[in-house]
Each structure stands twice: as structure tokens, then as C-alpha cells.
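**Q** My structure is below; once you've seen it, I'll send some questions.
Numbering (the working numbering), first residue to last: 36 to 247.
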């Protein structure tokens with residue numbers, strides 16, 4: 036896991052380089068995909084839609100679109116917390132060849148003594164996406180944060196197709212309009228629910244973030 040100890044995105048077990056075969060079809064020469072998951076944003080989106088995500092099924096779903104080169108998961112964590120409900124998910128992702136990027140949240144206070152916690156992974160995600168752009172055909176971004184619009188545009192200029200996954204369903208859309216317009220394609224998370232919904236809340240794959 037990348038946190039205090041940094042791990043290169045190219046530091047992958049040898050078996051991860053084997054071609055992905057779906058329904059007997061060798062996809063090694065087809066669409067090369069990298070997935071970037073804004074953990075906190077996706078957690079809020081799935082909760083707004085009323086379901087938890089099974090990340091094992093989510094990654095299998097992505098593999099039906101092409102050759103999954105790398106999957107990144109970004110989240111902040113609360114330091115010195117005895118137990119974090121997101122830890123089983125982070126461990127599973129890390130042990131199964133994905134790149135997990137974390138950093139501690141920061142606590143701030145004002146003159147009146149009010150405290151709040153702040154933290155996001157925007158810079159880390161953007162740096163990884165730009166470094167990997169030359170090696171992929173498609174970037175799949177799981178986030179609705181409008182701050183990523185400039186990143187999407189920059190990746191597109193390098194010839195990479197960008198698909199954004201968020202939602203416009205429910206009472207309030209979870210994706211910024213400028214991000215949706217910039218993307219080459221938009222997938223509403225609710226459309227994936229039948230294939231990626233997590234049906235056993237006690238198992239590790241329905242992970243949560245430090246925002247709980």
C-alpha cells in the first residue's frame with residue numbers, strides 16, 4: 036500500500052502481466068484501461084444510491100471492457116485510529132495487485148476552538164494519471180468532483196479516452212456538470228448496481244472511508 040511507504044505503480048507481481056482472457060478471447064492487444072477511484076467520493080455516491088460496492092465485482096466488470104492495466108484506489112485515513120472499517124477493503128485491494136494510495140487527514144481549528152478534519156487525494160490521483168497516460172488507451176475515473184475536469188482534459192490531449200463514473204440519479208446529482216461535459220463517456224453508477232452491488236455488508240469488499 037502506498038502511504039508512508041511509497042510503492043511504484045509499476046511494482047507489480049509478474050503474474051499481473053499475463054494477458055486477461057474473457058470468454059476465451061485474448062484481450063492483451065485490445066483496449067488498455069487504468070481505473071482511478073476517488074474512494075471518499077465514490078463512497079458518498081453509492082450511499083446516496085442506497086447500496087455498497089463489491090470491489091471484486093467492480094474490477095471484473097471493468098475487465099469486460101478491455102485489458103485492465105492498473106487499478107488505483109485513493110482515500111484519506113484517520114491516524115491513531117484503533118480500528119478503521121475501511122482497512123479490510125484496503126488490504127484486499129492491496130493484496131490483489133491494485134495500487135492503494137492513502138494519506139492521513141489533517142485537523143484544523145479556528146480562533147473559537149471549532150475543529151474540523153480536512154483531506155483529499157486530488158494531487159496524488161492527478162500525478163498518477165498523467166504518469167500512466169502514455170501507457171493506456173482509456174482512463175476510467177470513479178468520481179464526480181469537478182476539480183478533475185482539467186485533469187481529464189490534459190489526459191485527453193495525450194490521446195486517452197476518458198470515461199467518468201458517477202451519478203445523476205437520485206435527489207441530487209453527484210457529478211459536476213463541467214466534469215460530465217468534458218468526459219468522452221459517462222456511466223451512471225446506478226446502471227452498474229445489478230452487477231457490482233455488495234450483498235453481504237459484513238464482508239470486506241463493501242469498504243468505507245475515513246469520512247464515516
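Heads up, the beta-carbon is just placed ideally off N, CA and C, and yes, glycines get one too.
Looking at residue 106: is its Cβ nearer than 8 angstroms to the Cβ of residue 124?
**A** Taking the first residue of the chain shown as position 1, residue 106 is located at position 71. Taking the first residue of the chain shown as position 1, residue 124 is located at position 89. Their beta carbons are not under 8 angstroms apart, which means residue 106 does not touch residue 124 by this criterion.
**Q** For the segment 212-223 against the segment 196-203, are there 3 or more C-beta pairs whose distance is under 8 angstroms?
**A** Yes: the two stretches touch, three or more of their Cβ pairs being nearer than 8 angstroms.
**Q** Kindly give me the distance between the Cβ atoms of residue 171 and residue 104, rounded to whole angstroms, as I take these residues to be in contact under 8 angstroms.
**A** Your numbering for residue 171 matches position 136 in the chain shown. Your numbering for residue 104 matches position 69 in the chain shown. Confirmed, about 6 angstroms.
**Q** Is residue 219 helix, strand or coil by DSSP?
**A** Within the chain shown, residue 219 is the residue found at index 184, counting from 1. If DSSP states are grouped into helix, strand and coil, residue 219 belongs with coil.
**Q** Please classify residue 106: does DSSP put it in a helix, a strand, or coil?
**A** Within the chain shown, numbered from 1, the residue matching residue 106 stands at position 71. It is a strand residue.
**Q** Near residue 169, what residues of its chain come up, given a Cβ to Cβ distance below 7 angstroms and the 5 sequence neighbours on each side ignored?
**A** For the purposes of this step, residue 169 is identified with residue 134 of the chain shown, where counting begins at 1. Excluding positions up to five away in sequence, the list reads 193.
**Q** State the Cα-Cα distance for the pair residue 83 and residue 186, rounded to the nearest angstrom.
**A** Reading the chain shown from its first residue, position 48 is the one you call residue 83. Reading the chain shown from its first residue, position 151 is the one you call residue 186. Going from the Cα of residue 83 to the Cα of residue 186 covers about 25 angstroms.
**Q** Excluding the 5 residues flanking residue 228 on each side, which residues of the same chain have their C-beta closer than 8 angstroms to its C-beta?
**A** Here residue 228 refers to the residue found at position 193 of the chain shown. Cβ within range, chain order: 84 and 86.
**Q** State the start and end residues of the unbroken beta strand (DSSP E) segment that holds residue 69.
**A** For the purposes of this step, residue 69 is taken as residue 34 along the chain shown, with counting starting at 1. Counting along the chain, the beta strand (DSSP E) containing residue 69 begins and ends at 67-73.
**Q** With distances taken from CA atoms, which of 80, 173 and 68 is nearest residue 180?
**A** Position 145 of the chain shown, counted from the first residue, corresponds to residue 180. Per the Cα distances, 80.
**Q** Going by CA-CA distance only, name the one from 99, 67, 113 and 66 that's closest to residue 75.
**A** Your numbering for residue 75 matches position 40 in the chain shown. The residue with the shortest Cα to Cα distance from residue 75 is 113.
**Q** Compare the Cα-Cα distances from residue 97 to each of 119, 111, 70 and 120 and report the closest residue.
**A** Taking the first residue of the chain shown as position 1, residue 97 is located at position 62. With distances taken between Cα atoms, residue 97 lies closest to 70.
**Q** For residue 167, which option in 134, 155 and 147 has the closest C-alpha, if you only look at C-alpha atoms?
**A** Translated into positions along the chain shown, residue 167 becomes position 132. Closest option to residue 167, Cα to Cα, is 134.
**Q** What do you get for residue 102, buried or exposed, if any count of 16 or more other CB atoms within 10 angstroms of its CB means buried?
**A** Position 67 of the chain shown, counted from the start, is the residue given in the question as residue 102. Classification for residue 102: buried.
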